[in-house]
Amino acid sequence: MKKFNEIFIFLRFFFLEKKIFLINSPSEYLCLIEWSYKEKIDKDKIKVVIGFTTEVAINQIKDLSIKYCNFNKLFFLKDLFNEYIFRFILNIYKVFHVRKELVVVGDYKYYLNQPIYNKAKKFILLDEGISLTRLEKAKIKNSNFQMFSIFNHFNKSESISNKFDYLKSFMPQKKIDNGKIILLGTRAVEMNLITKNFYYQKIVKFCELYNKKNILFYPHRSDNIFDNYKPPKNLTIQETNLPIEAKLLYLDMLPEKIVGFYSMALLNLSIILESTGVEIMNIAYDTSDYKNEDIKKSFKIITKLTQFKNIQQIKI
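In our numbering, the protein residues as written are 2 to 317.
This is the structure:
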């Protein structure tokens, strides 16, 4: 009975409300928080729809809502519908709904989001990750939109700059632990951009380079490198259900360095931690052999951005 009531509440909201917020990942959730803060939107008036994403992503979003920032309501579509049933509902929506005045969307490529933001009077596109750098505006049917992004290579009239002001407001002055380094994992293996052995050897060489340091390894949510390989002696695998950007709020001390592999988190952290003294470093390697041309295009853009140039490059 409770589920039927929840479905009724969602359907009324989905078809009749004039504003809707659509996300699929923890990073998009963080970006939505920053956008609502910047635009001075009362978070108690925001109802968020989370698409048919992974269980890991859903759990991280739930943790963020509990530990960091919650909105008025979170609708997890997986808890309400089979995906095929929601497709049917979406077909009805295409014909009958109150036209949305505003849609705020994380993944503009997600097929369930497209019919919603394309029919809105206006939509805001949140940072969904590095792929936003290759935004193909010609494929977006609704021309009335703005981007809320850390990337600064878009036209000023098209974008609102994300400076992570909300997160910074909760970041107290913390001491730096010069004996600790945070190493962030990558999903590059999962995307077939690099091999597991290549990835592991880079981790080993990094740990050898900083063999006097305690290295805290935070794997990407799809990262399982140490299922197959033995961790170096000075590396400790950390478990967290929060993105690293939010996790920093709960650390007693900041690490001396935060290091990663061409990740969006490094770009975000270069903004969040810009005045703290924490070094942000990228483990650089040749990306020209990537077989995915879209991803190669993104990295070509990113490496020319001011944010990336502010990140120290380390070749090992």
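Backbone N, C-alpha and C fix where the C-beta goes; we use that ideal spot for every residue, glycine too.
In chain order, what residues of the same chain lie with their CB nearer than 6 Å to the CB of residue 319, ignoring the 5 residues before and after it? A query on residue 319 cannot be resolved here, the shown segment of the chain reaching from 2 to 317 and no further.
Using only the alpha-carbon positions, how far apart do residue 210 and residue 66 sit? Cα-Cα distance, rounded: 38 Å.
Extent of the continuous beta strand (DSSP E) to which residue 220 belongs: Element bounds for residue 220: n/a, residue is neither H nor E.
Can you tell me the Cα-Cα spacing of residue 296 and residue 115, whole angstroms? 22 Å
Hey, how far is the Cα of residue 187 from the Cα of residue 167? Approximately 26 Å between the Cα atoms of the pair.
Would the beta-carbon of residue 107 fall within 7 Å of that of residue 24? yes
Alpha helix (DSSP H) runs contained entirely in the segment 234-289, provided each spans 4 or more residues: 245-248 and 265-273
Let me check understanding here. Comparing Cα to Cα, which of 6, 64 and 12 lies closest to residue 30? 64
N-terminal and C-terminal residue of the beta strand (DSSP E) that residue 205 is part of: For residue 205, no beta strand (DSSP E) segment is defined; the enclosing uninterrupted segment is the alpha helix (DSSP H) at 197-210.
Measure the CB-CB distance between residue 301 and residue 282 and report whether it falls below 7 Å. no
When 73, 112 and 72 are compared against residue 84, the one with the closest alpha-carbon: 112
Cutting at 8 Å between CB atoms, please list the residues of its own chain near residue 242, excluding the five before and the five after it. 60, 61 and 64
Tell me the residue span of the beta strand (DSSP E) that contains residue 178. 177-185
Check whether the segment 68-78 and the segment 94-102 touch, using three or more Cβ-Cβ pairs below 8 Å as the test. no
When the distance is taken between beta carbons, is residue 147 closer than 7 Å to residue 131? Inclusion of residue 131 and residue 147 in the CB contact set at 7 Å is not warranted, their separation being larger than that value.
For the segment 65-102, list the beta strand (DSSP E) runs that are entirely contained and at least 3 residues long, ordered along the chain. 74-77
Element boundaries [beta strand (DSSP E), containing residue 46]: First-last for residue 46: undefined, no H or E at that position.
If I measure Cβ to Cβ from residue 54 and keep anything under 7 Å in the same chain, skipping five residues before and after, which residues do I get? 25 and 26
Three CB pairs or more closer than 8 Å across the segment 193-200 and the segment 266-282: no
DSSP three-state call for residue 120: helix, strand or coil? coil
Residue 46 to residue 52 span [Cα, whole Å]: For residue 46 and residue 52, the gap between their C-alpha atoms comes out near 20 Å.
Based on the DSSP output, what are the partners of residue 298 in its beta bridges? BP columns for residue 298 are empty, so no partner.
Whole-angstrom distance between residue 17 and residue 260, CA atom to CA atom: 46 Å
How should residue 139 be labelled, buried or exposed, when 16 other C-beta atoms within 10 angstroms of its C-beta is the threshold for buried? exposed
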